[in-house]
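Colleague: What follows is a single structure, and I will ask about it in a moment.
Number of protein chains: 2
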Amino acid sequence: MTDATAKPWTMQQIAAAAGVSVTTVSHTLSGKRPVNPETALRIRRLIDEFGYVPDAGARQLKSGRSRMIGLAVPDISHWYFGRIARGVEEMANERDYGLIICSTSNSDPRREKRYFNLLRTRSIDGLVYTASREIAATDELMKIAESSSPIVLADEDVPGLDDVPSVTSTNYGGAQELGRHLRDLGHTRAVIIAGYAGLHSTVQRVRGIRESFPNALVLHGDFELASGYALASDLLANQVGFTALFASNDLMAIGAMRRLQEAGVRVPEDVSIVGFDDVDMASVVSPGLTTVRQDMLGIGRQSAELLIDAVEAGSTEGIQSIGLPVELVIRGSTAPPPS
Amino acid sequence: MTDATAKPWTMQQIAAAAGVSVTTVSHTLSGKRPVNPETALRIRRLIDEFGYVPDAGARQLKSGRSRMIGLAVPDISHWYFGRIARGVEEMANERDYGLIICSTSNSDPRREKRYFNLLRTRSIDGLVYTASREIAATDELMKIAESSSPIVLADEDVPGLDDVPSVTSTNYGGAQELGRHLRDLGHTRAVIIAGYAGLHSTVQRVRGIRESFPNALVLHGDFELASGYALASDLLANQVGFTALFASNDLMAIGAMRRLQEAGVRVPEDVSIVGFDDVDMASVVSPGLTTVRQDMLGIGRQSAELLIDAVEAGSTEGIQSIGLPVELVIRGSTAPPPS
DNA sequence: CGCGATGTGCAAATCGAGTTGCAAGGCGAG
DNA sequence: CTCGCCTTGCAACTCGATTTGCACATCGCG
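Keeping their order, the protein sequence lines are chains A and B. Residue numbering for the first sequence is 91 to 429, as defined by the numbering used here. Residue numbering for the second sequence is 91 to 429, as defined by the numbering used here.
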């Protein structure tokens, strides 16, 4: 194996090989000045032959743009954020941008500083920020937002960042549909296993459900399967009477379902359970989980699109936030309550 | 909202504010030449106050390094690749590198060209390549490998790239353990739902299982749940007699399990099923799936580590490939065969 | 007092591409 | 022949950080 420092070609060398000046080569590429078609062809052929690609660093230095965007997510390995990431990556690729991943897991402040610095150092032209596990904006985030760096919030609105465009699901509408579905089946006594209290989406979902079940008991979990399991244990231990269980996401729904089933509670005969998200697992557990499908891919795609629009316009001025429609998916976990 | 083109500070401006030359500022930062402690302090204070960060493009241009690495994966939203990505991201972050995601889904050649160009343009210093769905190296990959750009293969060896260091699971060993486990339970008639034929990991896993079940029937799927489901249908339709079913990954195992259960086959009483990977879902389905846990996080971490070592050494010379241990996880889907 | 040894700052060059003003050569049309 | 247009080259400068050669201190010590 030879050394890894094989030097790439420079524009100089291409120009020399073609017997023209760098000016001409540059203009052939940019088209900002007319170039004789024959010369252009010769140059292009040499570029292909040599496999010349302009140096990204030099370009970035001159233009002030890196053609990279960042994506800040709590944990890229989560299904949920993975879908968002894929959407962002797709759109970035379509618009010819690269994608840099910034993991915010365990909200280490040093990490946070590090990826906001990507904006400051101009390593990225903009940032898609997914704050799905944070109640409020951190100081650092506020500072960046105030400096008017191009930022788009994906999946979750952040209080205090009202001027920053966002792309979210219509949580309220989805929750309404879930509520009506179970009310129409005849349920009257419901429990809600919600997400973090204070999180915008949590508030919306609880509100939507309570439109049909004004007195539903509300518990708060952390979106993980274990948390649904534990909260269901609490419900059983306290002999809470209910026939409908709303969980703020599928993982908690599935955790709760397991716990209830282990206790001999039949789903959906004794208790109906619904989730939110429509993860892969929702259709695999038995019974299949009735849920609300969120278009995470779409959230990713649209966030990236808004962001790149803002980057290329040079401002987020006039960029509208987007609410994406959701879809009720009825499976086997819901049925009329026991009579 | 003000305009998004708020200019970052330059070193020039810091120097001017401190009443010194850029040289001095640069040297206080790099420490490559002694600087008067008082002056240094004054400069540092100004840097903090202004929030100055050196421009990435300029740095990259001068140094020839971007302090970014790339990760090429088929689909970032898959659990499997998401775990790898997280591992890579963690290690990159620890070594103070950024991570650029290159999605190779649907193996669009234009996409492929695009992320290999990241290497050529020096946007990234090296690439972690996950070829888990490809049998052979593409021309483009061969070209890049020959050009001795720093590359590490993660999760899957690629035939023809023997000089490129790789980090993989010990597929053979894991499959051996699975085979022995079912043989020890008393099974004698087995079917293998393998991955893509020709894939290195597939070959290893089949070999490992066949050590215990030399005559096992081998079918090939595409790693997706639906494919396990469909192949199980085929088995049922053809009345193939077996009491043990090996799937090359958990998703196919779960798909097959569902199909068998729908047909009234009891798991594990009538048929034992095992998978590979230990995905989240494996512990959620019922019965829980016996499987082999792969350390995807570790694969990601170690790949990134090898890569960064190679980048900083300037060559992949002397970098050793790694095989990561796996662990047999016994759950409810395996039991002695019906007598 | 003077010598070398340090410490310290400045100006200038460098990395590779993008851009501009100016000028030169070639060509066709009037 | 000349005017104007098209093509192209040249030289110079920009982007911002890093690094060099050079020079001016200042200090200790014989």
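Don't be surprised by glycine CBs; every beta carbon is placed ideally from N, CA and C.
Helix or strand or just coil, what does DSSP make of A/Gly408?
Modeller: Coil, per DSSP.
Colleague: Excluding the 5 residues flanking B/Arg300 on each side, which residues of the same chain have their C-beta closer than 7 Å to its C-beta?
Modeller: Ala306
Colleague: Name the DSSP beta bridge partners of B/Ala162, please?
Modeller: B/Cys192, B/Tyr219
Colleague: Is there a C-beta anywhere in chain B that falls below 7 Å from the one on A/Ser193?
Modeller: yes
Colleague: Please name the residues in the region 121-138 of chain A whose beta-carbon is closer than 7 Å to at least one beta-carbon of chain B, in chain order.
Modeller: none
Colleague: With DSSP run on the structure shown, which of helix, strand or coil describes B/Val242?
Modeller: strand
Colleague: Where in the region 304-352 of chain A do unbroken runs of the beta strand (DSSP E), each at least 3 residues long, occur, reported from the N-terminal end onward?
Modeller: For secondary structure counted as the beta strand (DSSP E) over 3 or more consecutive residues, the region 304-352 of chain A holds these complete runs in sequence order: 307-310, 334-337.
Colleague: Could you spell out where the beta strand (DSSP E) holding A/Leu418 opens and where it closes?
Modeller: According to the DSSP assignment, A/Leu418 belongs to the beta strand (DSSP E) that extends over 417-419.
Colleague: Hey, is B/Thr92's beta-carbon within less than 7 Å of any beta-carbon in chain A?
Modeller: Residue confidence is low: B/Thr92 scores 40 on pLDDT, short of 50, so the model does not pin down where it sits. Its coordinate-derived value is still stated next. At least one chain A Cβ lies under 7 Å of B/Thr92.
Colleague: Grouping DSSP H, G and I as helix and E and B as strand, with all else coil, what is A/Ser259?
Modeller: strand
Colleague: Excluding the five sequence neighbours on either side, which residues of its own chain have a C-beta within less than 6 Å of the C-beta of B/Met181, listed in chain order?
Modeller: Arg391, Ala394, Glu395
Colleague: With DSSP as the reference, label A/Ser362 as helix, strand or coil.
Modeller: In the three-state DSSP reduction, A/Ser362 falls in the strand class (E or B).
Colleague: If I measure Cβ to Cβ from A/Ser186 and keep anything under 6 Å in the same chain, skipping five residues before and after, which residues do I get?
Modeller: A small correction: the amino acid at residue 186 of chain A is Asp; Ser does not occupy that position in the sequence shown. Closer than 6 Å at the Cβ level, and outside the excluded window around A/Asp186, lies no residue.
Colleague: Among B/Leu414, B/Glu417, B/Ser405, which one has its Cα closest to the Cα of B/Glu236?
Modeller: B/Ser405
Colleague: Going along chain A, which residues have a C-beta under 9 Å from B/Leu459?
Modeller: Here chain B covers residues 91 to 429 and nothing more, so residue 459 of chain B does not appear.
Colleague: Tell me which same chain residues have a C-beta within less than 6 Å of the C-beta of B/Met91, skipping the five on either side of it?
Modeller: Because B/Met91 sits at a pLDDT of 41, beneath the cut-off of 50, its placement in the model cannot be relied upon, and the point is left open.
Colleague: Give the DSSP-derived three-state secondary structure of B/Asp229 in the structure shown.
Modeller: Looking at B/Asp229 - three-state DSSP - the assignment turns out to be helix.
Colleague: Assuming B/Leu379 and B/Val361 form a contact by the criterion Cβ under 8 Å, report the distance between their Cβ atoms to the nearest whole angstrom.
Modeller: Actually they do not touch by this definition, with Cβ atoms about 13 Å apart.
Colleague: Closer than 8 Å, Cβ to Cβ, to anything on chain B: give me those residues from the region 352-371 of chain A, in chain order.
Modeller: Under the 8 Å Cβ criterion, the region 352-371 of chain A contributes Asp370, Met371.
Colleague: With a threshold of 16 other CB atoms inside 10 Å of the CB of B/Pro240, please say whether the residue is buried or exposed.
Modeller: buried
Colleague: Are any of the Cβ atoms in chain A nearer than 7 Å to that of B/Ser423?
Modeller: no
Colleague: Among A/Ser259, A/Ser222, A/Phe206, A/Gln150, which has the Cα closest to the Cα of A/Asp229?
Modeller: If you compare the alpha carbons of A/Ser259, A/Ser222, A/Phe206, A/Gln150 with that of A/Asp229, the shortest gap goes to A/Phe206.
Colleague: Cutting at 8 Å between CB atoms, please list the residues of its own chain near B/Pro428, excluding the five before and the five after it.
Modeller: Thr333, Glu359, Asp360
Colleague: Which residues, taken in chain order from the region 244-275 of chain A, show a beta carbon closer than 8 Å to some beta carbon of chain B?
Modeller: Asp253
Colleague: Which whole-angstrom value describes the C-beta separation of B/Thr381 and B/His271, a residue pair presumed to lie in contact below a C-beta threshold of 8 Å?
Modeller: So it is not a contact: roughly 11 Å between Cβ atoms.
Colleague: Whole angstroms is fine: what's the gap from A/Val416's alpha carbon to B/Ala148's?
Modeller: The alpha-carbon atoms of A/Val416 and B/Ala148 are separated by roughly 45 Å.
Colleague: Checking the sheet assignment: what are the DSSP bridge partners for A/Thr381?
Modeller: A/Val419
Colleague: Identify which residue in A/Val143, A/Ala346, A/Ala130 has its Cα closest to the Cα of A/Leu319.
Modeller: For the sequence presented, residue 319 of chain A should be read as Tyr rather than Leu. Nearest of A/Val143, A/Ala346, A/Ala130 to A/Tyr319, Cα basis: A/Ala346.
Colleague: When we look at the beta-carbon of A/Leu131 and count the other beta-carbons within 10 Å, is it buried (16 or more) or exposed?
Modeller: exposed
Colleague: B/Asp145 by DSSP, collapsed to three states: which one?
Modeller: coil
Colleague: Run down chain A in chain order and give the residues with a C-beta less than 8 Å from the C-beta of B/Asp437.
Modeller: With chain B represented from 91 up to 429, any question about residue 437 of chain B goes unanswered, as that position is not in the structure.
Colleague: Which residues mark the beginning and the end of the alpha helix (DSSP H) in which B/Ala280 is found?
Modeller: Unbroken run through B/Ala280 is the beta strand (DSSP E), 280-284; no alpha helix (DSSP H).
Colleague: Here's the rule I'm using: 16 or more other beta-carbon atoms within 10 Å means buried, otherwise exposed. How should B/Asn261 be labelled?
Modeller: So B/Asn261 ends up on the buried side.
Colleague: Under the DSSP definition of a beta bridge, which residues are partnered with A/Leu414?
Modeller: A/Ser259
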